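Shown next, in structure tokens, is the structure this report addresses.
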Amino acid sequence: MSQPESQQKSFKWDDNHVKLLIEGYGQFKHLLKKGKTKKDVFQKICAHFNETSESKVTVDQCIRKWDKLLAKFKQVEDNNKHTGNARQTCKFYDSLQECIGKVP
Numbered sequence: 042m043s044q045p046e047s048q049q050k051s052f053k054w055d056d057n058h059v060k061l062l063i064e065g066y067g068q069f070k071h072l073l074k075k076g077k078t079k080k081d082v083f084q085k086i087c088a089h090f091n092e093t094s095e096s097k098v099t100v101d102q103c104i105r106k107w108d109k110l111l112a113k114f115k116q117v118e119d120n121n122k123h124t125g126n127a128r129q130t131c132k133f134y135d136s137l138q139e140c141i142g143k144v145p
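If you count by the numbering used here, then the sequence shown holds residues 42 to 145, one letter each, in order.
What follows is the structure, given as structure tokens:
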């Protein structure tokens with residue numbers, strides 16, 4: 042396995058990388074409404090990420106990270122809908138809420 046491949050498989054997402062991913066999603070999410078597939082949109086997000094960051098990621102890495110962020114966001118939203126539950130938040134909650142809005 043070449044060096045770049047091994048680096049890509051063990052990519053560590055720091056806060057700046059996550060913010061860049063969220064920003065990229067916000068920039069390209071409108072394409073989902075125009076009939077583009079999730080993979081097509083994330084190819085654009087990944088290209089934007091790789092142009093902007095010194096670190097390089099794959100489309101699959103971006104999709105996996107986004108899915109994890111979205112799952113955590115939904116968990117927090119669901120918890121906070123129920124009265125009696127202590128309010129929760131997550132590290133990127135405000136950025137995600139601004140980017141995607143409330144989860145139905």
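From the three backbone atoms N, C-alpha and C, an ideal C-beta is built for every residue, glycine too.
Only a predicted model underlies this, so the values are computations on that prediction, with no experimental measurement involved.
ask   = Excluding the five sequence neighbours on either side, which residues of its own chain have a C-beta within less than 8 Å of the C-beta of L154, listed in chain order?
value = Because the chain spans 42 through 145 in this model, residue 154 falls outside it and cannot be assessed.
message = With three or more C-beta pairs closer than 8 Å as the rule, is the segment 74 to 85 touching the segment 93 to 109?
response = yes
inquiry  = With H, G and I counted as helix, E and B as strand and the rest as coil, what does DSSP make of R128?
reply    = Indexing the sequence shown from 1 puts residue 128 at position 87. DSSP places R128 in coil when its eight states are reduced to three.
key: Chain-order list of residues whose beta-carbon lies under 6 Å from that of G67 (same chain, five-residue window excluded)   = Position 26 of the sequence shown holds residue 67. So the qualifying residues of the chain are C140.
task = Measure the alpha-carbon distance for E92 versus G65 and round it to whole angstroms.
result = One-based indexing of the sequence shown puts residue 92 at position 51. One-based indexing of the sequence shown puts residue 65 at position 24. Using only the alpha carbons, I get a separation of about 11 Å.
task = Using 10 angstroms around the beta-carbon of L73, count the other beta-carbons present and answer buried if the total reaches 16, otherwise exposed.
result = Reading the sequence shown from its first residue, position 32 is the one you call residue 73. Under this definition L73 is an exposed residue.
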